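Line by line, the protein sequences are chains H and P. Residues 14 to 301 in the numbering used here are what the first sequence lists, from first letter to last. Residues 81 to 404 in the numbering used here are what the second sequence lists, from first letter to last. Yeah, the Cβ is synthetic: ideal placement off N, Cα and C, and Gly gets one too. It should be emphasised that the depicted structure is a prediction, and the values quoted were computed from it without experimental measurement.
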Amino acid sequence: MDFSTFLIQLLNALQYGLLLFLVASGLTLVFGIMGIINLAHGSFYMMGAYMAFSLTSLTGNLLIAVVLGVALSALIGFLLEWGLFSRLYKRDHLDQVLLTYGLILMFEETRSLIVGDDVHGVPIPELLSASIQLSETLSYPVYRLFMSAVCIALAIGMYWLIRRTRLGMMIRAGSSNREMVQALGINIDLIYRLVFALGVTLAAFAGMLAAPVSSVYPGMGNQVLIICFVVVVIGGVGSVWGALVAALLIGLADTFGKVIIPDYAGLTVYILMAAVLLWRPEGIFRRI
Amino acid sequence: MPAAVKKRRNALLLILFVLALFPLFGSAYYNELLAKIMIMAIFAMSLDLLVGFTGLVSFGHAAFFGVAAYAVVLVSPKYDPGNLLVVLPAAIFSAAAVAFVVGLFVLRTKGIYFIMVTLAFAQMIYFVFHDSPLGGGSDGVFLNVKPELRIGETLLLDLGSPSQFYYLVLLFLVVAYVFLRVLLRSPLGHALAGIKSNEHRMLSLGFPVFLYKLAGFVAAGGLAGLAGFLSACQFGFVTPEILSWHQSGNVLLMVILGGMGTLNGAAIGAFAFVVLQEVFSSVTKHWQFLMGGMIVLVVMLLPGGLSSLPRRLRGLLIGGGTHG
């Protein structure tokens, strides 16, 4: 592997890891703060990608599609929390697993009913469709760099929201003692609803962002979901910082796994997980 | 013997009687469907040992089912019938061995981690069969000739014959049920129940909790392997789909649908699930939507599963409190 190939792979690993982080952070946030395990999280990623596809073909502009899609997915998250999830906080994890499993089936079939089962592509916006020449034969697409930049910006934004704002303070307080926060006159139900909607929107946005490079296909959500579980297991449930480190580790393992042992590339991520489990069964970072 | 136990035993004997006589009256289609239900019942009961009796919510149980099914094909000769006495133990042993190795990792975790880690390991095993030439890729592998039991020159049992296969499945259903009942009454079963209700106390009492859980996990994996063996023999081909996470979700659904921690409930859940699947898929090609909708409704409106339905109805009729 010469240097420019290595650089390209490194950038790919970074981009994949950051994208994973975007999806997994919503999962770990919803679990860490509300104690809900959400198997349908991957479906939101899938929804986002399909929204990018359908809304782009409707409006003819990816940017408008993304704005509409973000609003739509926030609304979906808000309604789901209000109608279903808010009734499950006191229930066993088993019920949450079951409910969200049922939701996955419904979302997948709804997708099949509305858009069909074909594989679709979403064009890269013209502004970002250029490539940067690295050597005489190798180049790197600008869009992928753009993806990484957006993910980093969102990660910083999330850090700022949770650590530096009044809302973030309420969110953190709500995760450690819901009743006490409520007794202080804060509308904790609304805060939970917002956090859940944020989680859904993050996943959907990641799907929209990924749509131009990964194409849009049935089952894409489930694949991401399981990798996100691995991210959360490695990083520690509820830890956003852990999710970032774990997602980057997985990005590296997966990308370089594909280069070094292409036949068993699907396994490298899980081997990484097994190693972390032996070393630290509760993940690298334990809490928020 | 207490009246309730006697009543339950009589009900079970009645069901056994019906199952034994069914092929005399049912058509080939229903015989096959019933055999499938019984296989799924074994599978669901094996998971109930973990979920219902030990408190371990495994979302990767299909892995052991699938490993055993692949083992059936890989151990059988290509153009000759395999020997039942070789194929069956090989299938169960490989499932139990995989459960042992996976158990060493996953049992280090608890609660929500356990759910996610079992799912991830099952997916890893899925990729092993999906990616390697061993598993024939996404097309799967075919079992050209079904195994048989032969002693000397006499053919005792041919799994290719639907009626012989049906009775073999019924026999194994009974064996699995009795095995689990005996296991649950043994010191191991009591220890597992103790772990479910208070793991810390069991630890401080000096029980080797990890070993007990591992034993339970291996036993459940081996039984799932039995179901996987039967499934491979019934359909004659094995694809990676049977160890996909949908399969794990479905079997978990059966256990919860029927009511966990009762064994009988898991079997009822398997029955309800397969029948619902048949009914829904005869209505529409988008049957998964109906299945998903039903799951959501059951969770929201009927915590405790279908087996809590009689109690709830009774509560409604008498007017007592039904929630809980």
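- Query: Name the chain H residues that come within less than 7 Å of residue 314 (chain P), Cβ to Cβ?
  - Reply: Ordered by position in chain H, no residue passes the 7 Å Cβ test against residue 314 (chain P), which lies about 25 Å from the chain.
- Query: What runs of the alpha helix (DSSP H), each 4 residues or longer, lie entirely inside the stretch 182–206 of chain H?
  - Reply: Qualifying alpha helix (DSSP H) stretches, in chain order: 191–196.
- Item | Assigned exposure category for residue 221 (chain H) - 16 Cβ within 10 Å defines buried | So residue 221 (chain H) counts as buried.
- Query: What residues are listed by DSSP as bridge partners for residue 366 (chain P)?
  - Reply: In the DSSP output, where bridge partners are listed per residue, residue 366 (chain P) has none listed.
- Looking at C-alpha atoms only, which residue of P:398, P:320, P:242 and P:301 is the closest neighbour of residue 104 (chain P)? P:242
- Note down, in chain order, all residues in the stretch 267–300 of chain H with a beta-carbon under 9 Å from any beta-carbon belonging to chain P. 276, 277, 278, 279, 280, 282, 283, 284, 286, 287, 290, 291, 294, 295 and 296
- Message: Applying the 10 Å Cβ sphere with the 16-neighbour rule, what's the burial state of residue 277 (chain P)?
- Response: With fewer than 16 other Cβ atoms inside 10 Å of its own Cβ, residue 277 (chain P) counts as exposed.
- Query: Going by alpha carbons, who is nearest to residue 289 (chain P) out of P:134, P:201 and P:128?
  - Reply: P:134
- Item | residue 19 (chain H) (DSSP reduced to helix, strand or coil) | helix
- Could you have a look at residue 72 (chain H) and say whether DSSP puts it in helix, strand or coil? helix
- Message: Given this structure, state the Cα-to-Cα distance separating residue 235 (chain H) from residue 203 (chain P), to the nearest angstrom.
- Response: Straight across, the Cα-Cα distance linking residue 235 (chain H) with residue 203 (chain P) is about 11 Å.
- Message: Is there a C-beta anywhere in chain P that falls below 7 Å from the one on residue 94 (chain H)?
- Response: no
- Message: Does chain P have any CB closer than 7 Å to the CB of residue 139 (chain H)?
- Response: Among the CB atoms of chain P, none fall inside 7 Å of the CB of residue 139 (chain H).
- Query: At a Cβ threshold of 7 Å, is residue 29 (chain H) touching chain P?
  - Reply: Proximity of residue 29 (chain H) to chain P, defined by a Cβ-Cβ separation below 7 Å, is not satisfied.
- Enumerate, from N- to C-terminal direction, the unbroken alpha helix (DSSP H) stretches of 4 or more residues contained entirely within the stretch 107–164 of chain P. 108–131 and 142–155
- What does residue 230 (chain P) reach in chain H if we use C-beta pairs closer than 7 Å? Simply none; closest approach about 39 Å.
- Contacts of residue 134 (chain P) in chain H (Cβ-Cβ under 9 Å): Within 9 Å Cβ-Cβ: nothing; residue 134 (chain P) doesn't reach chain H, min ~13 Å.
- Message: In whole angstroms, give me the CA-to-CA distance for residue 276 (chain H) and residue 268 (chain H).
- Response: 13 Å
- Task: Taking C-beta pairs closer than 7 Å, name the residues in chain H that residue 353 (chain P) reaches, listed in chain order.
- Result: Ordered by position in chain H, no residue passes the 7 Å Cβ test against residue 353 (chain P), which lies about 12 Å from the chain.
- Task: Over the uninterrupted alpha helix (DSSP H) stretch that includes residue 261 (chain P), give me the two end residues.
- Result: 242–265
- Query: For residue 66 (chain H) versus residue 133 (chain H), is the C-beta spacing smaller than 7 Å?
  - Reply: yes
- Quick one: residues in its chain with C-beta nearer than 7 Å to the C-beta of residue 361 (chain P), no 5 flanking neighbours on either side, listed in chain order? 367
- Message: Residues in the same chain with beta-carbon distance under 6 Å from residue 85 (chain P), minus the five sequence neighbours each way, listed in chain order, please.
- Response: none
- Query: Skipping 5 residues on each side, what residues in its chain have a beta carbon closer than 6 Å to that of residue 265 (chain H)?
  - Reply: Leaving aside the five residues that flank residue 265 (chain H) on each side, the residues in its chain whose CB is nearer than 6 Å to its CB run, in chain order, 26.
- Examine the Cβ distances between the stretch 296–314 of chain P and the stretch 135–144 of chain P and report whether three or more of them are shorter than 8 Å. yes
- Query: Which partner residues of residue 178 (chain P) appear in the DSSP bridge assignment?
  - Reply: BP columns for residue 178 (chain P) are empty, so no partner.
- Task: Using the Cα positions of residue 295 (chain P) and residue 154 (chain P), report the straight-line distance between them to the nearest angstrom.
- Result: Straight-line Cα distance between these residues: approximately 26 Å.
- Please determine, among P:329, P:358 and P:339, the residue with the shortest C-alpha to C-alpha distance to residue 112 (chain H). P:329
- Message: Measuring straight from C-alpha to C-alpha, what distance separates residue 100 (chain P) and residue 325 (chain P)?
- Response: Looking at the two C-alpha atoms, the distance is approximately 33 Å.
- How big is the Cα-Cα spacing for residue 287 (chain H) and residue 185 (chain P)? The straight-line gap from Cα to Cα measures roughly 7 Å.
- Is any beta-carbon of chain H found at less than 7 Å from that of residue 128 (chain P)? no
- Task: For residue 200 (chain P), decide whether its Cβ has a neighbour in chain H, counting only Cβ atoms nearer than 7 Å.
- Result: yes
- Task: Figure out for me which residue from H:98, H:75 and H:108 has the closest Cα to the Cα of residue 339 (chain P).
- Result: That would be H:108, whose Cα lies nearest to the Cα of residue 339 (chain P).
- Query: Between residue 346 (chain P) and residue 124 (chain P), is the Cβ-Cβ spacing less than 7 Å?
  - Reply: Contact: yes.
- Message: Taking contact to mean 3 or more Cβ pairs, one atom from each stretch, closer than 8 Å, check whether the stretch 236–252 of chain H and the stretch 190–204 of chain P are in contact.
- Response: yes
- Task: Return the Cβ separation of residue 127 (chain P) and residue 332 (chain P) in integer angstroms, given the expectation that the two are a contact with Cβ distance under 8 Å.
- Result: 7 Å
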